[in-house]
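Numbering (our numbering), first residue to last: 413 to 736.
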Amino acid sequence: MDERELVIVGGGPAGMAAAVSARESGVRDILLLERDTHLGGILNQCVHPGFGLRQFKAMLTGPEYADRFIRRVSAAPEIEVSARYFVAELKPGKVLTYFQRGGISTVRARALVMATGCRERTREMIQIPGTRPAGVFSAGLAQRMMNIEGLLPGRRVVVIGSGDIGLIMARRLSLEGATVLAVVEIQRQPSGLRRNIVQCLDDFGIPLYLSHRVAWIHGRDRVTAVDIVAMKESGFEAPDTGFSLDCDTVLVSVGLIPENELIEMAGVELDRRSNTPVSSDLNYTSVPGLFVCGNAFRVYDIVDSVTLDSAIAGRQAAQYLAAG
Ligand SMILES: Cc1cc2nc3c(=O)[nH]c(=O)nc-3n(C[C@H](O)[C@H](O)[C@H](O)COP(=O)(O)OP(=O)(O)OC[C@H]3O[C@@H](n4cnc5c(N)ncnc54)[C@H](O)[C@@H]3O)c2cc1C
C-alpha cells in the first residue's frame with residue numbers, strides 16, 4: 413500500500429490553506445485529494461464579491477480568492493494535487509480508499525487533514541408539507557446551476573431561510589431576470605449579515621417575512637404556489653394570517669451540515685447535534701494525527717476565518733509529524 417507523509421482531503425479554501433502552511437512548516441510530501449475537477453471548493457460558484465477583506469484587504473469574488481491559493485499550491489512541488497479523486501472510505505490507521513479515473517486506490521497517511529466542507533440541509537429535514545413537484549432546489553444547488561452550468565432554475569421564486577446563501581441567491585436570481593416574491597424566515601431576526609439584507613433584498617425591493625413559515629408547497633409536476641403563515645412567539649401558527657404566492661420555484665436555504673461521515677468511519681468521536689468532531693482544541697479530533705479544518709470543523713461565516721484556522725491545521729499536522 414502507498415504511504416504518504418500528509419494527506420489532505422478537500423481542495424477548498426480550507427484544504428489549500430492547510431497544504432500551503434504544512435509545506436511552509438517543513439512537510440515535504442503532501443497529497444491533496446479533491447473530488448471535483450478544479451481546486452477552489454464552494455468558492456468556484458460564488459461569483460459575487462465579498463471575499464478576502466481581512467485576508468487580502470481586497471473585495472474579491474470567490475473564484476478570485478480561490479485563485480490566489482491555487483497559484484500557491486500549484487507552485488509548490490511538495491504538494492501533489494489529485495483532482496477528480498473521490499475519497500469513499502477512511503479506515504482506522506488513517507487508511508483512505510479513493511476512486512479515480514481507471515480504478516480504486518488505497519493510501520495510508522502518517523498525518524491526515526480532512527477539509528471536506530459542508531452539505532446543505534434539505535426540504536425533508538425541515539418537513540414542509542405538500543406535494544413533491546419539480547422546482548424545489550437547495551440554494552447552493554441553484555447557485556451552481558446558475559453560475560457554473562448557466563441555467564436559470566425558475567422565474568417566480570420564493571426563498572425559504574434568510575441566511576447569507578439565501579439572500580445572495582435572491583439577488584442573483586433578480587439580476588438574471590427572475591422575480592423573487594419573498595424571503596420567508598421562521599425566526600424573528602434574519603440569520604444573514606446586515607449588509608446582505610440591505611444589498612440583496614432592500615436594494616431589489618424583495619420582501620422579507622420574518623416570523624413566517626412556508627406551510628404547504630403546491631404543484632403536481634412543477635411547483636405552482638406556496639402557502640405562508642405568520643408564527644406567534646409561542647411557536648404556533650397565528651390564526652387567519654395565511655396567504656398564498658403563485659410561484660414556479662422554491663429555494664431552500666436552511667443551513668449547512670458539516671461533512672464528517674468519513675471520519676466517523678475511522679472512529680472519530682462526533683457531536684451528534686452539530687455533526688462536528690468532539691474536540692479539545694481547534695482542528696483536533698479524538699484520533700491523534702487526524703485533523704479536521706474549515707467548514708467541516710465548524711460552519712464559518714466568512715472564508716477569511718476558514719483560511720486563518722486551516723493554516724493552523726497545516727502547522728498542527730507538521731508538528732505531529734515532526735514529533736512522530
Ligand atoms: C452560497 C455561499 C456564499 C458565500 N458567500 C461568502 C462571502 O460572501 N464571503 C465569505 O467570506 N464567505 C462566503 N461563503 C463561505 C465560504 O465560501 C466558505 O466558508 C468556504 O468555502 C468553506 O471552505 P471549506 O474549504 O471548508 O469548504 P468547501 O469550500 O466546501 O470545500 C470542501 C472541498 O472538499 C471536497 N470534498 C468533500 N468531500 C470529498 C471527498 N470525499 N473526496 C474528495 N474531495 C471531497 C469538495 O469537493 C470541496 O472542494 C459563502 C458560502 C456559500 C455556500
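Ideal Cβ positions, reconstructed from N, Cα and C, are used throughout, including at glycine.
Just so we're clear, the structure is a prediction, and the values are computed from it rather than from any experiment.
Pick out whichever of T636, T528 and S665 has its Cα sitting closest to the Cα of V595. In the sequence shown, residue 595 corresponds to position 183, counting from 1. Nearest C-alpha to V595: S665.
Run the CB neighbour count on K469, radius 10 Å, all protein chains shown included, and call it buried at 16 or more, exposed below. In the sequence shown, counting from the first residue as 1, residue 469 sits at position 57. It counts as exposed.
Could you have a look at M558 and say whether DSSP puts it in helix, strand or coil? Taking the first residue of the sequence shown as 1, we reach residue 558 at position 146. Three-state DSSP puts M558 in a helix.
Strand pairing of D633, partner residues [DSSP]: In the sequence shown, residue 633 corresponds to position 221, counting from 1. None; D633 has no bridge partner.
Using the DSSP secondary-structure output, state which residues sit across from K503 in a beta bridge. Locating residue 503 in the sequence shown gives position 91, counting from the first residue. According to DSSP, K503 bridges with V507.
Beta-bridge pairing of M526 - partner residues as DSSP gives them: The residue you call residue 526 lines up with position 114 of the sequence shown. The partner list for M526 (beta bridge, DSSP) reads V421 and V704.
Reducing DSSP to helix, strand and coil, say where T534 ends up. For the purposes of this step, residue 534 is taken as the residue at position 122 of the sequence shown. Three-state DSSP puts T534 in coil, outside helix and strand.
Does T449 pass the burial test, meaning 16 or more other C-beta atoms within 10 Å, or should it be called exposed? For this step, residue 449 is matched to residue 37 along the sequence shown. Exposed: under 16 other Cβ atoms inside 10 Å.
Quick check for students: name the residue ranges of the beta strand (DSSP E) that lie wholly in the stretch 618–675, counting only runs of 3 or more. 624–630, 637–642, 655–658, 661–664 and 668–670
Following the continuous beta strand (DSSP E) through L605, name the residue where it begins and the one where it ends. Along the sequence shown, one-based indexing puts residue 605 at 193. From DSSP, L605 is part of no beta strand (DSSP E); its letter is neither H nor E.
Helix, strand or coil for A734? Go by DSSP, reduced to three states. Taking the sequence shown and counting its residues from 1, one reaches residue 734 at position 322. Three-state DSSP puts A734 in a helix.
Helix, strand or coil: which one does DSSP assign to F697? In the sequence shown, the residue the question calls residue 697 occupies position 285. The question names Phe, yet the displayed sequence has Thr at residue 697. It is coil, neither helix nor strand.
Under the criterion of a Cβ to heavy atom distance below 7 angstroms, does P425 qualify as lining ligand 1? If you number the sequence shown from 1, residue 425 lands on position 13. Yes.
Top-ranked residue by Cα proximity to N695, from S623, A582, V626 and A527: As a working mapping, residue 695 is identified with position 283 in the sequence shown. Residue A527 is the option with its Cα nearest to N695.
If we call anything under 8 angstroms between Cβ atoms a contact, is K503 one with M677? One-based indexing of the sequence shown puts residue 503 at position 91. One-based indexing of the sequence shown puts residue 677 at position 265. Their beta carbons are under 8 angstroms apart, which means K503 touches M677 by this criterion.
Quick one: Cα of Q467 to Cα of L455, how far? Translated into the one-based positions of the sequence shown, residue 467 becomes position 55. Translated into the one-based positions of the sequence shown, residue 455 becomes position 43. Approximately 15 angstroms between the Cα atoms of the pair.
Cut-off 6 angstroms between Cβ atoms - residues of its own chain near V548, not counting five sequence neighbours on either side: Translated into the one-based positions of the sequence shown, residue 548 becomes position 136. Closer than 6 angstroms at Cβ, skipping near neighbours: R535 and V662.
Nearest to I442 by CA position, among D713, G562 and E415, is which residue? For the purposes of this step, residue 442 is taken as the residue at position 30 of the sequence shown. Residue E415 is the option with its Cα nearest to I442.
Can you tell me whether E681 is buried or exposed? The criterion is at least 16 other CB atoms within 10 Å of its CB, across all chains shown. By one-based count along the sequence shown, residue 681 stands at place 269. Classification for E681: exposed.
Delimiting residues of the alpha helix (DSSP H) encompassing A478: The residue you call residue 478 lines up with position 66 of the sequence shown. A478 -> alpha helix (DSSP H) spans G474 to S486.
Ligand 1 heavy atoms versus the CB of T528: any closer than 7 angstroms? Locating residue 528 in the sequence shown gives position 116, counting from the first residue. Answer for T528: yes, Cβ within range of ligand 1.
With hydrogens ignored, establish whether the beta-carbon of F481 is closer than 7 angstroms to any heavy atom of ligand 1. What you label residue 481 is simply residue 69 of the sequence shown in a count that begins at 1. No, ligand 1 has no heavy atom inside 7 angstroms of this Cβ.
Once the 5 residues before and after C705 are set aside, which same chain residues still bring their CB inside 7 angstroms of it? On the sequence shown, position 293 is the one that residue 705 refers to. Excluding residues within five positions, the ones whose Cβ falls inside 7 angstroms are A426, A430, V525, A527, N695, D721, S722 and A725.
Roughly how many angstroms separate the alpha carbons of G631 and A637, rounded to a whole number? Taking the sequence shown and counting its residues from 1, one reaches residue 631 at position 219. Taking the sequence shown and counting its residues from 1, one reaches residue 637 at position 225. If I take the Cα positions, the gap works out to 7 angstroms.
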